[in-house]
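Chemist:
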Amino acid sequence: MPTHSTALPSAGPRHAAPDRDRLGTFLTACWAALHLPVLALLGLTVHNHPAAASDQLPATAPDLPVS
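Numbering (numbering that gives the first Met the number 0), first residue to last: 0 to 66.
1. Could you tell me the boundaries of the alpha helix (DSSP H) in which Val-37 lies?
2. Looking only at its chain, what residues have a beta carbon closer than 7 Å to the beta carbon of Phe-25, apart from the 5 residues adjacent to it on each side?
3. Which value, in whole angstroms, describes the spacing of the CA atoms of Asp-20 and Thr-27?
4. For Arg-13, which of helix, strand or coil comes out of DSSP?
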């Protein structure tokens, strides 16, 4: 016996999702594929960027040799 908290079955047939839901699903599923070329280009740019040659000083003094 159904109670008030039980969902009633719908009387009509199921309808297809609206076009905006299909578009949202498509864009969500393809997000990574759409952004991979941009991320790859950014990675190559950062990886191939020549390091700036600057004089660097050590933050601490070198350890003394153990005698």
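For each residue, glycine too, the CB sits at the ideal point set by N, CA and C.
Modeler: Once the coordinates are examined:
1. 30-47
2. none
3. 10 Å
4. Of the three classes helix, strand and coil, the one that applies to Arg-13 here is coil, per DSSP.
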